[in-house]
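Residue numbers (our numbering): 649 to 848. Yeah, the Cβ is synthetic: ideal placement off N, Cα and C, and Gly gets one too. Quantities reported herein were computed from a predicted structural model and do not represent experimental measurements.
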Amino acid sequence: MAIADSRALGGSITQAHADLGLSKAILQGRVGDLDGTPIPAHQWYRLVTSGFIHFGLFHIAMNMLLLFQLGALLERALGAVKLTAMYFASLLAGSLGVLLVGGAALTGGASGAVFGLMAGAAVGLHRRGVNVFSTGIGTTLLLNLVLTFSISGISIGGHVGGAIGGAICGFVMLAPGWKPMPKWAGYAAPAAVALVALVA
Numbered sequence: 649m650a651i652a653d654s655r656a657l658g659g660s661i662t663q664a665h666a667d668l669g670l671s672k673a674i675l676q677g678r679v680g681d682l683d684g685t686p687i688p689a690h691q692w693y694r695l696v697t698s699g700f701i702h703f704g705l706f707h708i709a710m711n712m713l714l715l716f717q718l719g720a721l722l723e724r725a726l727g728a729v730k731l732t733a734m735y736f737a738s739l740l741a742g743s744l745g746v747l748l749v750g751g752a753a754l755t756g757g758a759s760g761a762v763f764g765l766m767a768g769a770a771v772g773l774h775r776r777g778v779n780v781f782s783t784g785i786g787t788t789l790l791l792n793l794v795l796t797f798s799i800s801g802i803s804i805g806g807h808v809g810g811a812i813g814g815a816i817c818g819f820v821m822l823a824p825g826w827k828p829m830p831k832w833a834g835y836a837a838p839a840a841v842a843l844v845a846l847v848a
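Structure representation (structure tokens):
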């Protein structure tokens with residue numbers, strides 16, 4: 649199930665998702681998925697580890713397909729380090745969304761982070777004057793948002809939270825050349841999103 653590739657998110661992180669996500673029976677509880685209830689202070693790690701737990705083969709396969717495609721697209725613009733930073737910032741923003749509006753349902757998966765990458769890519773393209781619906785990114789993001797609100801059992805908080813976090817990162821990290829941001833801003837943006845998600 650692991651997808652091998654040399655890219656940062658198309659390789660090592662996708663491999664980790666495949667290995668850990670298919671071991672849900674081992675990880676659930678101790679490593680922990682999320683629901684909408686506050687997590688104990690000593691279990692803060694569940695904000696991250698919940699993103700590596702998936703509910704079935706189809707769930708992990710769809711997330712990894714999108715992660716593989718988006719990772720390949722965004723790494724060319726950001727590089728491996730910044731892309732990984734955007735990924736985990738989006739994951740944490742999605743976890744915050746679950747805690748805010750998740751209700752009592754158990755939630756897990758990389759969807760929040762994937763939504764963050766989609767939203768970040770869409771914002772970056774828009775800032776460059778590109779019609780996002782001419783690239784496939786806009787249609788994919790819109791379709792997934794419609795499904796999020798239309799199908800029961802899908803984490804609205806996780807998806808929307810991740811998308812918001814990724815959009816904030818994308819606005820700064822994918823600024824066009826004629827509207828450059830300071831170099832440090834590309835690291836500060838995901839760090840700020842992650843910090844807010846952790847302390848909120």
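Coarse secondary structure for residue i, derived from DSSP in three states
| i | result |
| --- | --- |
| Thr-755 | strand |
| Val-746 | helix |
| Met-829 | coil |
| Thr-732 | helix |
| Ser-738 | helix |
| Ser-654 | Note on Ser-654: pLDDT 36, under 50, position unreliable in the model; no value is reported. |
| Ile-785 | helix |
| Gly-760 | helix |
| Ser-798 | helix |
| Arg-775 | helix |
Range of the contiguous alpha helix (DSSP H) that encloses residue i
| i | result |
| --- | --- |
| Pro-838 | 833-847 |
| Ala-811 | 804-821 |
| Arg-724 | 705-726 |
| Gly-694 | Residue identity differs from the one stated: residue 694 is Arg in this sequence, not Gly. Unbroken alpha helix (DSSP H) run through Arg-694: 694-697. |
Pair within 8 Å by beta-carbon distance, residue i and residue j
| i | j | result |
| --- | --- | --- |
| Ala-767 | Gly-814 | yes |
| Tyr-735 | Ala-770 | no |
| Ile-802 | Val-841 | no |
| Gly-809 | Val-746 | yes |
| Leu-695 | Ala-833 | no |
| Gly-805 | Leu-748 | yes |
| Val-780 | Leu-791 | no |
| Leu-822 | Arg-775 | yes |
| Leu-744 | Ala-848 | yes |
| Tyr-835 | Ala-733 | yes |
Presumed contact (8 Å Cβ cut-off) between residue i and residue j, rounded CB distance
| i | j | result |
| --- | --- | --- |
| Gly-742 | Gly-764 | 7 Å |
| Thr-755 | Ser-698 | 7 Å |
| Ala-837 | Val-820 | 4 Å |
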